[in-house]
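> Structure in structure tokens, see below.
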Amino acid sequence: MTKEAVQKVVDTLPDEVTIDDIVERLILIQSFDEGRKQYEAGQFVTHDEVGKRLDKWLK
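Shown next as structure tokens:
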């Protein structure tokens, strides 16, 4: 994450905010970004596939 991206996140937060709030928001956004990149790269499992795998595990 770039400093510019971090600054944009901080700018969206209220004037009174804790360090924990900032870190939590940054981690959340980074997680979303990583998930989006994985999806775009085809690195995901469909809902149907999850159901099939779960059925196998529970047998």
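Numbering (our numbering), first residue to last: 142 to 200. Each residue gets a CB set at the ideal place from its N, CA and C atoms; glycine is no exception. The model shown is predicted, which means the values in this text are computed figures rather than measured ones.
(1) Starting from Thr156 and walking both ways along the alpha helix (DSSP H), at which residues does that stretch end?
(2) Does the region 187 to 198 touch the region 154 to 171, meaning 3 or more C-beta pairs lie closer than 8 Å?
(3) Could you check what DSSP says for Glu191 in three-state terms: helix, strand or coil?
(4) For the putative contact between Val151 and Ile163, defined by C-beta atoms under 8 Å, what is the C-beta separation to the nearest angstrom?
Concretely, from the data shown:
(1) The amino acid at residue 156 is misidentified as Thr; the sequence shows Asp. Here Asp156 belongs to no alpha helix (DSSP H), and DSSP marks it neither H nor E.
(2) Counting Cβ pairs under 8 Å, fewer than three are found: no touch.
(3) It should be noted that the sequence gives Val, not Glu, for residue 191. Secondary structure of Val191 (DSSP, three-state): helix.
(4) Confirmed, Cβ separation roughly 6 Å.
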